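Under this note's numbering, the residue at position 83 of the sequence shown is numbered 1512, and the numbers go up by one with no gaps.
One structure is given here, and the rest of the page talks about it.
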Amino acid sequence: MDPKVITKLLSRSDARGMIASLTPREREVLELMAEGRSNTAIAARLHVSESAVAKHTASIFGKLRITASADHNRRVLAVLAYLKR
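So, in structure tokens, the structure goes:
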């Protein structure tokens, strides 16, 4: 099998596993992020505080192993991982 295909399959499997590790609420937050909603809009939609959304977002980044970087937007990377599942 082509090594590129194997790498792609493994990365998809890894993304699925990481997404599966999210709590139901974290998945809700991530889905709303995928819709392009801000933390303020997510908080209003879920009837929680913005700080609760920020905590969920930080947890999502940790579970998806997305570190802070000047070159990448962590929200976009989280949504891409969600879409790969």
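For glycine and all other residues, C-beta sits at the position ideal for the given N, C-alpha and C.
Since the model is a prediction, treat every value here as computed from it, not as a measurement.
Classify residue i as buried or exposed, calling it buried when 16 or more other Cβ atoms lie within 10 Å of its own Cβ.
i, result
"Y1511", "buried"
"I1435", "Bear in mind that the predicted position of I1435 carries a pLDDT of just 44, short of 50, making it too unreliable to give a figure here."
"L1438", "Confidence at L1438 is low in this model, with a pLDDT of 45, below 50, so the placement of that residue should be treated as unreliable; the coordinate-derived value is given next. Result: exposed."
"S1450", "exposed"
"A1497", "exposed"
"H1501", "exposed"
"M1430", "Confidence at M1430 is low in this model, with a pLDDT of 46, below 50, so its placement is unreliable and no value can be given for it."
Starting from the Cα of residue i, find the closest Cα among the options and give me that residue.
i, options, result
"V1477", "F1490, E1464, R1454 and R1504", "R1454"
"V1482", "D1500, H1501 and N1468", "N1468"
"R1474", "L1459, H1501 and T1452", "L1459"
"M1462", "I1489, T1452, S1480 and H1501", "I1489"
For the putative contact between residue i and residue j, defined by C-beta atoms under 8 Å, what is the C-beta separation to the nearest angstrom?
i, j, result
"A1487", "I1495", "Contact flag wrong, Cβ pair sits at about 10 Å."
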